[in-house]
Amino acid sequence: MYPFWNIVLALVWAGLLGGLSLANLVSGLVVSYFVLAFVTRDQPGHDGYFGKVRKFLSFLLYYLKELLFSNAMIAYDILTPNFSMTPGVIGIPLDARTDLEITVLANLITMTPGTLSLDISPDRKTLYVHAMYIRDPEALRADIKNNLERRVLELLR
Amino acid sequence: MIESSSILTVCVMVGGLMLGIGLILAFVRLLLGPSLPDRVVAADVMATMMIGVLVLAALTTAEAFLLDIALAIALVVFLGTIALAIAIERGYFK
Amino acid sequence: MIFAIALLVLVGTFLFFLTGVGLVRMPDVFARMHAATKGASLGVALLLMAAALYFGETGVVTKAVVTIVFIFLTAPVAASLLGRAAYARRIPLWDKSVIDEGRNHIDVRVNPVADNGEPPSQQ
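Quick look at the structure:
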C-alpha cells in the first residue's frame, strides 16, 4: 500500500512540476517518501515499508564504506613492493536458507574486495570463501556473519 | 550536454594513457598464463577495459551511440566467461 | 560539474591501471581474481557515471545505469564460477596461504550450474 502511494505521489509531483523527466520523478519519490513516513507514523504496518527502506539505505552506506576501505587495502598491496596479505580458503556456516538469500549473500561477498565466494556445500549449509586477509579465521567468520549476513537477512526477511 | 573544456580533454588523455597501460599489463598476463583460468581472467578484464575505452571515446567525440556498443559488450563478455568457466570445470582443456 | 566528470574519469582509469598491475603482480589465480573483478567493474561503473553526467540526457543516463547494474550483477557470478572451476581443478594456491578448509569439500561437478547436490546422471 505505502509503495503504491509513494509512486502515485511522485507521479503527481512530476506532473505538477511539468514533465516526466528523471530528475522530477526521483525528487518526487524522495519528497513523497518523507511526507508519507511523517504522516503515517502512527499507522499499523508503518515499519514494514519505511523500516525496510531505512535499513536498505543504512546497508548501502555500510557496503559502500566496506567497498572503499577494502579496495584501498588491496590497492596498497598492489602498489607496494611487499605483499602483506595472508590468503586462504575458509568455510562459513550459513544462516541463509533460500536460493535468493544465498545468491545475494554470495554475490555481495564476491563484490567486497578481499573476499571471493567459491562454492556452497551440497547440503547448502557452508559457503566456501577465498579471503585475502586472514589474520584469524574465527574473527573473519564472525565478522562476515555478524555484519554482512545479518544485514542481508534483516533486509530480505 | 556539457561543452568540452581543456580540463576534461587533459583528463581524458591522462586516463586513456592509464587505461592503455592497464590493457598492456592485462595482455602480458594473458600471454604468460600460467594456467587457463589466469588467461580467462585476463581476457575478461581486457573486455571490461574495452568498455572503458568506448566510454572515453564517447566523452571525446560526444557521440552517445558508443554507449550502446559498451552495453552490448557488457552483455556478451559475461556469457563467454561463464562458458569458459564451465568448460574448464568439465575438463575440456587438458 | 566538469570537475566531477574529470575526477570520475581519472579515478576510474586509475582503477583500471591498478587492475592491470594487480593482474601481473599477484601471486596466484585467486588473488588475481580479487584484483580483476572488483577493480575493473568499479572502474567501468565510475567511467559510465562520468558519461551519464557528461551527456545528461534521460536516455543516456538510463542506459548508463542499466549497464552499471548489469555489470554489478554479472561480474560476481562469473568470478565465482571461474574461481570454483580453478579451485576444483586443483590450481595451486599461493605457497604462503595460511588456511585451506575447502580442499576436501569442493570437487569437480559435471554440470556446475545445475547444482542440486546429487551426483550427475550419466547419459
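Protein chains in written order, with this note's numbering: chain A, 2 to 158; chain B, 15 to 108; chain C, 31 to 153. Backbone N, C-alpha and C fix where the C-beta goes; we use that ideal spot for every residue, glycine too.
Chain B contact for residue i (CB, 8 Å cutoff)
i	result
P150(C)	Summary for P150(C): the model assigns pLDDT 48, below 50, so the residue's position carries little reliability, and this model does not support an answer.
T88(C)	no
K68(C)	no
K93(C)	yes
S127(C)	no
Cβ separation of residue i and residue j, assumed to be a contact under 8 Å, to the nearest whole Å
i	j	result
L68(B)	A84(B)	4 Å
A99(B)	M63(B)	Their Cβ separation, rounded to whole angstroms, is 20 Å, which puts A99(B) and M63(B) out of contact at 8 Å.
A66(C)	V26(B)	About 24 Å; that fails the 8 Å criterion.
D78(A)	S85(A)	6 Å
F51(A)	A38(A)	5 Å
L45(C)	L83(C)	Contact flag wrong, Cβ pair sits at about 17 Å.
V99(C)	L81(B)	Going by Cβ atoms, the distance from V99(C) to L81(B) rounds to 14 Å, so no, they are not a contact pair.
L53(C)	R62(C)	5 Å
F60(A)	L141(A)	That belief does not hold up - the Cβ atoms of F60(A) and L141(A) are roughly 20 Å apart, past 8 Å.
L40(C)	G29(B)	6 Å
Paired residues, beta bridge with residue i - DSSP
i	result
T87(A)	Y134(A)
T116(A)	A132(A)
D130(C)	V90(A)
Any chain C beta carbon closer than 8 Å to residue i
i	result
T99(A)	no
Y129(A)	yes
L85(B)	yes
T62(B)	yes
R53(B)	no
M32(B)	yes
P138(A)	yes
G47(B)	no
T74(B)	no
V90(B)	no
Where residue i sits in the DSSP three-state scheme
i	result
Y77(A)	helix
T127(A)	strand
I121(A)	strand
P48(B)	coil
M32(B)	helix
F79(B)	coil
E87(C)	coil
A34(C)	helix
F107(B)	coil
H135(C)	coil
A140(A)	helix
I145(A)	helix
S22(A)	coil
Within-8 Å CB hit, residue i to chain A
i	result
L48(C)	yes
M79(C)	no
I32(C)	no
I136(C)	yes
Among the options, nearest to residue i - alpha-carbon criterion
i	options	result
Y3(A)	V130(A), S22(A) and S33(A)	S33(A)
D130(C)	A11(A), M74(A) and I135(A)	I135(A)
A107(A)	I145(A), Y77(A), R158(A) and W6(A)	I145(A)
P138(A)	L58(A), E102(A), G92(A) and P45(A)	G92(A)
L30(A)	M74(A), M112(A), S59(A) and V9(A)	V9(A)
G105(B)	W124(C), G89(C), P122(C) and A116(C)	A116(C)
R125(A)	D100(A), L62(A) and E155(A)	D100(A)
P57(C)	T116(A), A140(A), L141(A) and P88(A)	P88(A)
L111(C)	I65(B), P51(B) and V59(B)	P51(B)
P48(B)	H64(C), K68(C), V39(C) and V59(C)	V59(C)
G42(C)	S19(B), G36(B), A101(B) and F79(B)	G36(B)
M32(B)	G66(B), S19(B) and D58(B)	G66(B)
L65(A)	N134(C), L72(C), V107(C) and T104(C)	L72(C)
A108(C)	A94(C), F44(C) and H64(C)	H64(C)
G115(A)	R98(A), L68(A), A140(A) and I121(A)	L68(A)
D120(A)	V95(C), S127(C), P106(C) and P122(C)	P106(C)
I136(C)	D96(A), P94(A), M112(A) and Y129(A)	Y129(A)
T97(C)	A86(B), F79(B) and S19(B)	A86(B)
G113(C)	L37(C), G132(C) and V39(C)	G132(C)
M79(C)	T88(C), A94(C) and K68(C)	A94(C)
M74(A)	A132(A), R152(A) and L149(A)	A132(A)
G50(C)	A97(A), V105(A) and L80(A)	L80(A)
L38(C)	L70(B), T75(B) and I96(B)	L70(B)
L23(A)	E87(C), R119(C), T104(C) and P122(C)	E87(C)
R98(A)	T111(A), K53(A), E150(A) and A76(A)	E150(A)
A36(C)	I96(B), L93(B) and L73(B)	L73(B)
V90(A)	M31(C), R55(C) and S127(C)	S127(C)
E77(B)	A70(C), D125(C) and A81(C)	A81(C)
Short CB-CB distance (under 8 Å) between residue i and chain F
i	result
V26(B)	This model lacks chain F altogether, as its protein chains are A, B and C.
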